[in-house]
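Sequence order for the protein chains is A and B. For what it's worth, UniProt numbering labels the leading residue of the first sequence as 1, then goes sequentially. For what it's worth, UniProt numbering labels the leading residue of the second sequence as 1, then goes sequentially. Worksheet: one structure, shown below.
Protein chains: 2
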Amino acid sequence: MASIKDVAAEAGVSVATVSRVLNGHPSVSADARTRVLAAVDALGYRPNAVARSLRTDQTRTLGLVISDVMNPYFTELARSVEEEARALGYSVIIGNADERPDLQDHHVTTLLDRRIDGLLVSPTDGGSPRMLDAARAGTPMVFVDRWIPGVDVPVVRSDGREAVRDLVAHLHGLGHRRLAIIAGPAATTTGRERVDAFREALGAYGLDLPDAYIGQGDFQADSGRRVTEGFLDLPRPPEVVFAADNLMALGALDAVRARGLRVPEDIALAAFDDIRWFVHTDPPVTAIAQPTGDLGRAAVHALVDRIEGRPGESVTLPARLVVRRSCGEPATAQSPSPVRRSTS
Amino acid sequence: MASIKDVAAEAGVSVATVSRVLNGHPSVSADARTRVLAAVDALGYRPNAVARSLRTDQTRTLGLVISDVMNPYFTELARSVEEEARALGYSVIIGNADERPDLQDHHVTTLLDRRIDGLLVSPTDGGSPRMLDAARAGTPMVFVDRWIPGVDVPVVRSDGREAVRDLVAHLHGLGHRRLAIIAGPAATTTGRERVDAFREALGAYGLDLPDAYIGQGDFQADSGRRVTEGFLDLPRPPEVVFAADNLMALGALDAVRARGLRVPEDIALAAFDDIRWFVHTDPPVTAIAQPTGDLGRAAVHALVDRIEGRPGESVTLPARLVVRRSCGEPATAQSPSPVRRSTS
DNA sequence: CCTCCTCGTGGAATCGATTACACGAAGGAT
DNA sequence: ATCCTTCGTGTAATCGATTCCACGAGGAGG
Chain A
1 MASIKDVAAE
11 AGVSVATVSR
21 VLNGHPSVSA
31 DARTRVLAAV
41 DALGYRPNAV
51 ARSLRTDQTR
61 TLGLVISDVM
71 NPYFTELARS
81 VEEEARALGY
91 SVIIGNADER
101 PDLQDHHVTT
111 LLDRRIDGLL
121 VSPTDGGSPR
131 MLDAARAGTP
141 MVFVDRWIPG
151 VDVPVVRSDG
161 REAVRDLVAH
171 LHGLGHRRLA
181 IIAGPAATTT
191 GRERVDAFRE
201 ALGAYGLDLP
211 DAYIGQGDFQ
221 ADSGRRVTEG
231 FLDLPRPPEV
241 VFAADNLMAL
251 GALDAVRARG
261 LRVPEDIALA
271 AFDDIRWFVH
281 TDPPVTAIAQ
291 PTGDLGRAAV
301 HALVDRIEGR
311 PGESVTLPAR
321 LVVRRSCGEP
331 ATAQSPSPVR
341 RSTS
Chain B
1 MASIKDVAAE
11 AGVSVATVSR
21 VLNGHPSVSA
31 DARTRVLAAV
41 DALGYRPNAV
51 ARSLRTDQTR
61 TLGLVISDVM
71 NPYFTELARS
81 VEEEARALGY
91 SVIIGNADER
101 PDLQDHHVTT
111 LLDRRIDGLL
121 VSPTDGGSPR
131 MLDAARAGTP
141 MVFVDRWIPG
151 VDVPVVRSDG
161 REAVRDLVAH
171 LHGLGHRRLA
181 IIAGPAATTT
191 GRERVDAFRE
201 ALGAYGLDLP
211 DAYIGQGDFQ
221 ADSGRRVTEG
231 FLDLPRPPEV
241 VFAADNLMAL
251 GALDAVRARG
261 LRVPEDIALA
271 AFDDIRWFVH
281 TDPPVTAIAQ
291 PTGDLGRAAV
301 HALVDRIEGR
311 PGESVTLPAR
321 LVVRRSCGEP
331 ATAQSPSPVR
341 RSTS
């Protein structure tokens, strides 16, 4: 592969001049510029990004460590992150942690070894030591979706509290009183917050959330299935199961179906994170939708701000309830709080 | 960030010795080794992968350019590719072409600029010039899922011909005679092959595939919707719509639903590419499943073989039909060819 | 006509690693 | 005792870019 030296030789100038032309420096004669450009063309020369990075100490690359690529929510997040980063002249390397702390650590390490300019993380747990070290050492970093309390890093996330209140109002209006939740891992903020928001919203209706109605999941479909089976085996099974993410909702659907029960007649179902397929499931699933694209874009902006020396602020965007049929007949006008009805 | 020089100073040895310790060279004294390791630990030193790559001319990184990350099929492919690559000591950088040739070209260019060791591509079109140049210039490369005829690059893909025959047998057995297809872009091999296989299978039953029953899609949901609306507007609409990928099937489902029609009573639906959600859609969708994980793994092996100087062979794996309820009552024993019945 | 800038250019240092080569010490064979 | 390996180590070249500094030419100003 042709190097800058070959181009310099071909154009009859020094490597310094070639570099100047390529980087748009002002003091290059028109003549030299055309000769260099011709040589570049003739040789099909492309600058070696590795060499450039070594010298300039910047890779124009962002690292994104997400918890699970197979989760449509994160896929969409990754997509919007890549799009926005590309628009700003950055590439993105995605690391899939698969909800495993060891894998998360592996990816953080490799990304740091590659000297990415900044790191976007949705932590799987309390945070790998490597990650916390990097944050402390000043590596530009932003948390997205999930975060780690007590670390001085901007957080871009969505607040589902309001939407969870709307959901409980909707469920209460439908006559449901025994509500259960499939929680995410307690090590994640989203895992804890969603349970808290749910409990708080239930409290507003004088309902409580007994331990038996809190199932411990791990954001994966299998755990949703397992927890739902547990609920179904209870002497008094819940009337509603609220899954803290879309994959666990899928598992719940599996479990209900395996028993030959129907949603919502036998048991109602709702999920955190809305995805396209929920429109076409049997029945369509009522869900809380995050502004995923906006989150991804905001996260990239915050990170690039940090990288380029600007402050880089935390952002919190509201989630909203999308009512479908999985909890019973759609909410009507007497619903206690305003609830959007999905058009689809 | 600490460099190898700092480690050398701390340990009281030369950088050469440090490098030797880090790379497991034999001729280093036990004493020097422990001092270096202690220094590495004390400084939290991590080798700079950028510098290393520049010197060794290898990045231990694979590029993967896929057509659409939001398509669960490709997400799963990407996941298995990353897993296998990691097991072999490689990282993967994913580029999402979004079915756009210009984006595909952009990603191929950036990946090549970064001097990835090898490229895994599922081409969106006939192939960007940059990609073909790279292939000709000897960059290790493997096509996965889709490929470009006439280019000397191994292909790892799945053959759906048999499964499509099974599907048509199933449909024919159910009494369907007017079968339509939502095709993928003619620029892709999978776009063409699936239509050909379908037509061929129809031929075996004395059925033909009129032009009106071939809708031109682009593997995205919207095109599936649009094409299906066209089918529905026909004086004699088809009895079955076969979507050449899962996203177009989703669009078709949207379109059917928007007209207030039911699947399979009013129109049957089948899809190429099976995904988890098809079990829970209304109705569950009959689909052709590719051995996606195996494809990803085989592709990585072929590519790494090429990178490390071994031949690197093409692989073709069979797809299989998974019958669900979207085409009518499940096939029974008198079905002309053996058809597996999904357990879920 | 001399001086001082400005401009275009090239030489060479630099980034952080790897590795060929040289060299001294130690040990074995003769 | 001498020679030859072998072993452990350090010096320096190298990968392909960027960029500081110096230098010569040419134009402007006095």
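Quick reminder that beta carbons are idealized off the backbone N, C-alpha and C, glycines included. Remember, predicted model here, so these are calculated numbers, not experimental data.
DSSP bridge partner residues for residue i (one or two, in chain order)
i: Ala289/B; result: Arg320/B
i: Phe143/A; result: Val121/A and Val155/A
i: Asn96/B; result: Ile66/B
i: Thr61/B; result: Ser91/B
i: Ile116/A; result: DSSP output for Ile116/A lists no bridge partner at all.
i: Ile214/B; result: Ile181/B
i: Val315/A; result: Val156/A
i: Gly328/B; result: Ser326/B
i: Ala271/B; result: Ala243/B and Ala287/B
i: Thr281/B; result: Thr281/A
Own chain, CB closer than 6 Å to residue i, minus 5 neighbours either side, in chain order
i: Arg178/B; result: Pro238 and Glu239
i: Ile275/B; result: Pro72 and Asn246
i: Val21/A; result: Val28, Arg33 and Val36
i: Ala163/A; result: Ile288, Ala319, Arg320 and Leu321
i: Arg199/A; result: Leu209
i: Pro185/B; result: Gly191 and Asp218
i: Arg146/B; result: Ser122, Pro123, Thr188, Thr189 and Thr190
i: Val151/B; result: Ala135
i: Ile4/A; result: Val15 and Val18
Beta-carbon spacing of residue i, residue j below 8 Å
i: Pro291/B; j: Arg324/B; result: no
i: Thr56/A; j: Arg114/A; result: no
i: Val144/B; j: Leu77/B; result: yes
i: Val50/B; j: Val50/A; result: yes
i: Ala85/B; j: Val300/B; result: yes
i: Val195/A; j: Ala183/A; result: yes
i: Arg297/A; j: Ser158/A; result: no
i: Leu111/B; j: Gly63/B; result: yes
i: Val65/B; j: His107/B; result: yes
i: Gly251/B; j: Phe231/B; result: no
i: Leu253/A; j: Leu54/B; result: no
Cβ neighbour criterion (16 or more within 10 Å) applied to residue i
i: Ala333/A; result: At Ala333/A, the pLDDT of 41 sits below 50, so the modelled position is not reliable; the number obtained from the coordinates is stated separately. With fewer than 16 other Cβ atoms within 10 Å, it is exposed.
i: Arg259/A; result: exposed
i: Thr286/A; result: buried
i: Arg262/A; result: exposed
i: His25/B; result: exposed
i: Glu329/A; result: exposed
i: Thr17/A; result: buried
i: Tyr197/B; result: In the sequence under discussion, the amino acid at residue 197/B is Ala, which differs from the Tyr named in the question. Buried.
i: Ala30/B; result: exposed
i: Leu234/A; result: exposed
i: Gly160/A; result: buried
i: Arg310/A; result: exposed
i: Asp266/A; result: exposed
i: Val241/B; result: buried
i: Asp166/A; result: buried
Close-in-space but distant-in-sequence residues of the same chain around residue i (CB under 7 Å, 5 per side omitted)
i: Ala39/B; result: Val7, Glu10 and Ala11
i: Glu82/B; result: Val92
i: Asp105/A; result: Ser128 and Arg130
i: Ser326/A; result: Val263, Pro264, Ala268, Leu269, Ala270, Pro283, Pro284, Val285 and Thr286
i: Gly89/A; result: Arg60
i: Ala249/B; result: Gly224, Ala243, Leu269, Ala271 and Val285
i: Arg212/B; result: As written in the sequence, residue 212/B is Ala, which differs from the Arg given in the question. These residues qualify, in order along the chain: Leu234.
Cutoff 8 Å; reference residue i; Cβ partners in own chain excluding five residues on either side
i: Asp68/B; result: Phe74, Asn96, Ala97, Asp98, Glu99, Phe219, Gln220 and Leu247
i: Pro140/A; result: Asp117, Gly118, Leu119, Leu303, Arg306, Ile307 and Gly312
i: Asp125/B; result: Pro101, Gln104, Pro185, Ala187 and Thr188
Any non-hydrogen atom of the ligand FAD within 7 Å of residue i CB
i: Leu112/A; result: Here there are no bound small molecules, and the ligand FAD is not part of this structure.
Handout entry: Those runs of the beta strand (DSSP E) which lie wholly inside the segment 227-269 of chain B and span at least 3 residues
Key = 240-243
Exercise for the section: Go through the UniProt domain "HTH lacI-type" (2-56) of chain B residue by residue and report every complete run of the beta strand (DSSP E) that reaches 3 residues or more, in order. Expected result: none
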